[in-house]
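**Student:** Supplied in structure tokens, the structure appears directly below.
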Amino acid sequence: MNNKLFIIAIGGSGAKCVESIVQIAATGLYTKEEIEVLFVDPDENNGNVDRARKTLSTYQECQQLVTGGSTEQQIEWMSTPIKSYDLWSPFQGKLGGRELASYFNTAQWMLV
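The sequence shown begins at 32 in our numbering and counts up by one.
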């Protein structure tokens with residue numbers, strides 16, 4: 032069975048938690064099970080959210096360089112795939128007015 036961890040990062044504090052999770056994933060302390068992240072914040076210019084999104088983007092770029100797109104890699108660090116649904120704002124409708132529930136069908140939830 033292919034398990035995934037879904038993280039909904041609410042506000043700046045949630046974004047800081049995601050940033051920490053990404054840094055821990057970079058060291059190889061997580062399994063190879065995919066992590067999917069959604070940032071939720073009414074302030075689309077939140078500095079903590081911007082910083083976490085940049086950290087996640089850098090991780091994804093580095094992971095692509097390390098793995099070369101292969102699922103079989105020789106080293107353990109940066110082996111956790113992390114997907115981002117980016118930012119959802121309840122007020123701006125940035126993502127086409129999608130309902131928050133539409134991002135996840137069935138999931139294991141970890142609210143941060």
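Idealized CB from N, CA, C, for every residue including glycine.
DSSP puts Ser115 in a beta bridge; with which residues?
**Tutor:** In the sequence shown, counting from the first residue as 1, residue 115 sits at position 84. DSSP lists Val68 as partners of Ser115.
**Student:** Kindly indicate the opening and closing residues of the beta strand (DSSP E) around Lys35.
**Tutor:** Stepping through the sequence shown from its first residue, residue 35 is reached at position 4. Lys35 -> beta strand (DSSP E) spans 35-41.
**Student:** Just tell me which of Glu65, Ile38, Trp119 has its CA closest to the CA of Gln94.
**Tutor:** Position 63 of the sequence shown, counted from the start, is the residue given in the question as residue 94. Nearest of Glu65, Ile38, Trp119 to Gln94, Cα basis: Glu65.
**Student:** Using 10 angstroms around the beta-carbon of Asn33, count the other beta-carbons present and answer buried if the total reaches 16, otherwise exposed.
**Tutor:** As a position in the sequence shown, residue 33 is number 2, starting the count at 1. Under this definition Asn33 is an exposed residue.
**Student:** Distance check for Ile55 and Glu107, CA to CA, integer angstroms please.
**Tutor:** Translated into positions along the sequence shown, residue 107 becomes position 76. Translated into positions along the sequence shown, residue 55 becomes position 24. Straight-line Cα distance between these residues: approximately 12 Å.
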